[in-house]
Amino acid sequence: MRCAKHSLYRLCCAFFSPKKVSHLQTTRIYNGKTMPTLETSSKKLHVIRTAINLFTTYGFHTTGVDLIVKKSEIPKATLYNYFHSKE
Numbered sequence: 001m002r003c004a005k006h007s008l009y010r011l012c013c014a015f016f017s018p019k020k021v022s023h024l025q026t027t028r029i030y031n032g033k034t035m036p037t038l039e040t041s042s043k044k045l046h047v048i049r050t051a052i053n054l055f056t057t058y059g060f061h062t063t064g065v066d067l068i069v070k071k072s073e074i075p076k077a078t079l080y081n082y083f084h085s086k087e
């Protein structure tokens with residue numbers, strides 16, 4: 001079961017591509033060059049985990065954005081700040 005959940009998590013992360021990354025970037029130095037790294041907020045991770053649980057329970061096509069917003073207990077605008085869409 002763990003492998004199925006892990007692969008579902010990876011699939012979900014592919015669908016949920018970040019919309020805004022400039023405010024989440026920090027810099028690290030690697031080989032004398034500055035490298036940006038992304039930090040994901042806890043609210044965004046909560047939305048992703050909730051979406052994975054809903055996709056597992058109801059399926060991807062029957063789970064709507066409204067259901068994800070309702071179960072995550074966030075405003076719909078916040079979801080669209082983090083992600084372009086469900087896909």
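Here the UniProt record's numbering is used: the first residue of the sequence shown is 1, the next is one more, and so on.
Where a beta carbon is used, it is the ideal one built from N, C-alpha and C, also for glycine.
Predicted, not measured: the structure shown is a model, and the values here were computed from it.
Per DSSP, Ser85 lies in no alpha helix (DSSP H) segment and is marked neither H nor E. For Ser42, the three-state secondary structure derived from DSSP is helix.
Look at Ile48 here: in three-state DSSP terms it is helix. Taking all protein chains shown into account, Tyr82 has 16 or more neighbouring C-beta atoms within 10 Å of its C-beta and is therefore buried.
About 6 Å separates the CB atoms of Val47 and Leu79; that is less than 8 Å, so the two are in contact.
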